[in-house]
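Taking it in order: structure first as structure tokens, then the write-up.
In the numbering used here, the protein residues as written are 1 to 250.
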């Protein structure tokens with residue numbers, strides 16, 4: 001008798017995953033039609049380096065499949081960014097049946113907030129972090145070497161960094177949602193802020209493309225600001241949380 005509900009949940013999960021993958025594929029196809037424009041936009045941090053360098057950096061192709069694979073990789077990232085709200089909706093639709101009515105009303109704010117936060121993180125990385133990091137790395141040895149960079153490796157590193165910052169910027173949105181569900185408290189965040197600072201600086205050191213203080217600060221300081229914003233949003237969520245979910249979360 002217990003197998004039927006389990007099979008129904010698995011079937012629902014399979015359906016949601018299929019819709020998420022299909023949406024990603026469709027948006028990837030859309031982004032692929034603009035692959036040249038996207039590639040040109042992603043090479044602008046490199047152009048910033050070339051504007052002041054005596055030895056210009058060049059993007060090169062190392063094998064015959066690299067141009068296509070690079071274009072597909074960039075299109076897949078663009079497709080993920082475009083399909084993210086729909087993918088988040090599929091995740092929410094899967095867990096919504098197990099939530100209270102007042103919790104289900106969080107769907108629209110959560111979906112919009114997740115999409116906006118991801119975009120904000122990617123924009124921050126593109127306009128603030130990469131213009132500092134790329135010239136620093138390429139100019140580290142001065143005029144001793146002439147940079148010749150694989151286009152696949154360059155685009156892969158840039159896209160990965162944009163995606164990571166987009167994900168990290170989801171911190172306030174996720175914290176707000178967990179607080180509304182009664183799974184996170186502002187007291188926990190405030191009491192453990194020292195541990196959070198250490199973890200955030202360590203995380204920033206792992207994802208920062210350089211080890212210098214400037215670039216490390218450009219990543220770690222925004223993360224700390226996001227942590228502070230998360231505390232404020234959690235406090236706000238606690239004030240508006242119904243009494244039935246007023247438990248003792250971590």
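Cβ atoms here follow ideal geometry from the backbone N, Cα and C, with glycine treated the same way.
Residues bridged to residue i [DSSP beta-bridge criterion]
{"i": "residue 58", "result": "148"}
Same chain, Cβ closer than 6 Å to residue i, neighbours up to 5 away in sequence not counted
{"i": "residue 56", "result": "50"}
{"i": "residue 66", "result": "152"}
Helix, strand or coil at residue i [DSSP, three-state]
{"i": "residue 53", "result": "coil"}
{"i": "residue 154", "result": "helix"}
{"i": "residue 166", "result": "helix"}
{"i": "residue 226", "result": "helix"}
{"i": "residue 192", "result": "coil"}
{"i": "residue 215", "result": "helix"}
{"i": "residue 105", "result": "coil"}
{"i": "residue 70", "result": "helix"}
{"i": "residue 21", "result": "helix"}
{"i": "residue 64", "result": "coil"}
{"i": "residue 43", "result": "coil"}
{"i": "residue 137", "result": "helix"}
Within 8 Å, strictly: CB atoms of residue i and residue j
{"i": "residue 48", "j": "residue 134", "result": "yes"}
{"i": "residue 222", "j": "residue 116", "result": "no"}
{"i": "residue 60", "j": "residue 186", "result": "no"}
{"i": "residue 227", "j": "residue 165", "result": "no"}
{"i": "residue 189", "j": "residue 220", "result": "no"}
{"i": "residue 24", "j": "residue 113", "result": "no"}
Contact set for residue i: own chain, Cβ-Cβ below 7 Å, skip 5 residues either direction
{"i": "residue 163", "result": "77"}
{"i": "residue 13", "result": "94"}
{"i": "residue 126", "result": "162"}
{"i": "residue 35", "result": "71, 74 and 75"}
Whole-number beta carbon distance between residue j and residue i, since they are thought to touch under 8 Å
{"i": "residue 175", "j": "residue 184", "result": "6 Å"}
{"i": "residue 29", "j": "residue 38", "result": "Actually they are not in contact, since the Cβ atoms of residue 29 and residue 38 sit about 13 Å apart, beyond 8 Å."}
{"i": "residue 96", "j": "residue 104", "result": "5 Å"}
Cut-off 8 Å between Cβ atoms - residues of its own chain near residue i, not counting five sequence neighbours on either side
{"i": "residue 119", "result": "81 and 166"}
{"i": "residue 89", "result": "107 and 111"}
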